[in-house]
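As structure tokens, then:
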């Protein structure tokens with residue numbers, strides 16, 4: 001009930017913050033630097049429209065003028081009569097007051113019409129056509145264009161733009177375009193319905209009241225004079241539960257989304273994974289008898305587990321050194337094993353999911369940048385293990401005069417340079433660049449990077465070379481000494497097997513940095529807390545009970561039975577996800593107070609390289 005009320009109030013506030021073409025409140029200061037920059041850019045604004053949407057000359061002129069005045073390079077137009085359900089989805093996904101200020105926020109819109117500047121379109125190779133797109137195609141482009149205009153995309157209500165009704169046969173394609181697997185969405189809807197039914201059975205009064213509040217929620221959101229007034233508001237509200245059932249049935253029975261990867265590509269991958277799984281032994285090196293950190297032979301088994309992330313075959317052991325507390329994978333993966341278990345996680349089949357995950361971490365990105373800004377104003381910053389450089393993009397808001405570069409093994413770092421998120425991209429192993437870049441950076445950062453590498457000491461040696469005397473090294477790592485590692489046991493997400501090869505206590509890291517000429521100047525626990533641990537634990541259970549059958553390493557393939565089982569398991573787990581989300585919210589508050597005492601799942605350390 002509380003969640004319904006809070007969600008209603010939030011949607012009501014967000015709706016009233018949507019600017020409207022022609023309203024005096026939508027005007028901005030013409031001297032605003034971003035507006036001046038937009039006016040001075042060579043090129044024009046062009047339409048990307050969904051089939052059935054035809055902007056006229058008056059709307060084009062008004063939208064172009066608004067985009068120039070506000071400094072926007074991508075403008076999503078919201079029809080003034082957008083339907084109840086798509087409007088609710090938009091208000092759930094977009095906070096107009098914060099959208100432009102969050103450069104890593106996912107691109108979301110009304111999926112009708114986008115006004116895009118040539119300076120953005122010219123860099124996006126994926127835009128093959130711009131008119132008569134399916135709703136799912138417009139949704140997919142909205143996500144993509146936001147990445148190329150991270151601080152220059154916004155929304156405006158266009159009273160003269162008529163809403164179209166999306167084709168229900170496209171539902172699964174729309175889900176996938178927004179990064180949500182159909183099974184998860186459909187299972188979540190079932191779980192939500194089950195939660196209402198369960199609440200009504202257990203406590204009839206509160207269950208019926210909750211259903212009634214949800215039923216009339218659109219009236220509460222739209223009361224007064226909102227900028228959007230759905231054309232069929234009364235019909236869609238009064239029939240809301242019945243229309244929800246119809247939408248679910250149409251989505252569930254509708255055609256599958258066009259595959260993101262061809263059947264031939266998936267068949268090749270499936271055969272390759274099947275061949276790899278027949279000989280898992282060569283993915284592991286020999287067990288070692290001593291600690292890789294302190295060379296002690298006082299080892300004990302800390303954990304034995306499986307791949308609870310992707311569900312790939314294999315079993316993994318983490319040993320703990322009784323003398324120094326270092327935890328490490330033993331036996332560790334071979335180079336062939338690293339290739340196998342990383343494959344299709346951050347790239348390939350997993351690229352979009354990984355990017356969506358990294359886009360949810362604005363709080364952490366800002367916190368890291370602010371910690372550096374408290375101690376220095378760096379001219380050049382290198383982010384090691386940068387991925388698509390989300391950290392650099394957000395840090396630019398805190399340190400606008402700093403030049404940010406990124407280094408990583410995959411192609412994501414080169415894509416980051418194309419987007420303009422970093423100035424320069426380096427591809428390869430960090431130590432291989434150490435001599436060429438010696439003394440080149442005021443700040444080097446490693447965020448959740450050291451736990452992935454085979455030899456942490458070699459990476460720290462490279463960092464010591466790159467950081468100028470008086471410069472800083474910023475490191476963030478999972479904390480294996482936190483409460484959650486014991487409480488959640490195998491389902492503590494930062495064990496992250498088999499990718500995490502080393503988990504080191506804070507004291508060990510500080511000693512290693514001291515030996516390399518660094519002095520610790522700041523340590524944070526609560527602000528470094530990643531969170532989402534209980535939700536991740538439920539997801540680990542989902543992977544164990546019903547792995548995604550579309551993944552080519554899952555035996556048996558995506559049969560109807562396996563797809564249905566996954567949808568059903570997701571539906572059953574929805575109440576657990578709700579409880580887990582509440583526990584994670586509480587955990588986030590606890591971390592802020594008791595992070596240093598073990599209530600944070602990670603720690604953040606800033607060290608200064610001494611002169612001389």
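Residue numbers (my numbering): 1 to 612.
Ideal Cβ positions, reconstructed from N, Cα and C, are used throughout, including at glycine.
Check: I'd like the span of the alpha helix (DSSP H) that includes residue 214, first residue to last.; Outcome: 204-215
Check: Using a Cβ-Cβ cutoff of less than 6 Å, which residues in the same chain neighbour residue 270 once the five nearest sequence positions on both sides are dropped?; Outcome: 552
Check: Name, in chain order, the residues that DSSP records as bridge partners for residue 446.; Outcome: 384, 475
Check: Here's a check: name, in chain order, each residue in its chain whose Cβ is nearer than 7 Å to the Cβ of residue 569, leaving out the five neighbours to either side.; Outcome: 542, 545, 546
Check: Tell me whether the segment 592-599 and the segment 202-214 touch, counting them as touching only if at least three CB pairs, one residue from each stretch, are closer than 8 Å.; Outcome: no
Check: Could you tell me which residues DSSP puts in a beta bridge with residue 606?; Outcome: 474, 522
Check: Over the uninterrupted alpha helix (DSSP H) stretch that includes residue 465, give me the two end residues.; Outcome: 456-466
Check: Would the beta-carbon of residue 379 fall within 8 Å of that of residue 398?; Outcome: no
Check: Measuring CB to CB, does residue 463 end up less than 8 Å from residue 443?; Outcome: no
Check: Which residues in the same chain as residue 30 place their Cβ atom closer than 6 Å to its Cβ, once the five residues preceding and following it in sequence are excluded?; Outcome: Confidence at residue 30 is low in this model, with a pLDDT of 48, below 50, so its placement is unreliable and no value can be given for it.
Check: Can you tell me which residues form a DSSP beta bridge with residue 357?; Outcome: Looking at the DSSP assignment, residue 357 forms no beta bridge with any residue, so it has no partner.
Check: Report the CB separation of residue 504 from residue 388 in whole angstroms; it is logged as a contact under 8 Å.; Outcome: Incorrect: roughly 26 Å between the Cβ atoms, too far for contact.
Check: Enumerate in chain order the residues of its own chain whose CB-to-CB distance from residue 538 is below 7 Å, with the five nearest sequence positions on each side excluded.; Outcome: 573, 576, 577, 580
Check: List in chain order: all unbroken beta strand (DSSP E) runs of 3+ residues lying wholly within the segment 130-158.; Outcome: 153-158
Check: May I have the straight-line CA-CA distance separating residue 301 from residue 490, to the nearest angstrom?; Outcome: 13 Å
Check: Report the three-state DSSP secondary structure of residue 27 (helix, strand or coil).; Outcome: Reliability of the predicted coordinates at residue 27 is poor, the pLDDT of 48 falling under 50, and the value obtained from them is presented with this limitation in mind. Reduced to three states, the DSSP call for residue 27 is coil.
Check: Below 7 Å CB to CB, which residues in the same chain sit around residue 514 once its five sequence neighbours on both sides are set aside?; Outcome: none
Check: Using DSSP with H/G/I as helix, E/B as strand and the rest coil, what is residue 321?; Outcome: strand
Check: Counting Cβ pairs closer than 8 Å, one from the segment 280-287 and one from the segment 249-257, do we hit at least three?; Outcome: no
Check: Which residues in the same chain have their Cβ closer than 6 Å to the Cβ of residue 509, if we skip the five residues on either side of it in sequence?; Outcome: none
Check: Does the Cβ-Cβ distance between residue 173 and residue 563 come in under 8 Å?; Outcome: no
Check: Between 385, 88, 401, which lies nearest to residue 346 when the distance is taken from Cα to Cα?; Outcome: 385
Check: Buried or exposed: which applies to residue 228, given that a residue is buried once 16 or more other Cβ atoms fall within 10 Å of its Cβ?; Outcome: buried
Check: Are residue 423 and residue 405 closer than 8 Å when you measure CB to CB?; Outcome: yes
Check: In whole angstroms, what separates the C-alpha of residue 97 from that of residue 232?; Outcome: 27 Å
Check: Helix, strand or coil for residue 106 per DSSP?; Outcome: coil
Check: Going straight from the alpha carbon of residue 141 to that of residue 608, what length do you get?; Outcome: 43 Å
Check: Secondary structure at residue 225, three-state DSSP: helix, strand or coil?; Outcome: coil
Check: Please confirm if the segment 308-316 is in contact with the segment 479-486, defined as three or more CB-CB distances below 8 Å between the two stretches.; Outcome: no
Check: Within 10 angstroms of its Cβ, does residue 439 collect 16 or more other Cβ (buried), or is it exposed?; Outcome: exposed
Check: For residue 180, which of 394, 136, 502, 273 has the nearest alpha-carbon?; Outcome: 136
Check: Pull up the distance between the alpha-carbon of residue 162 and that of residue 84, whole angstroms please.; Outcome: 14 Å
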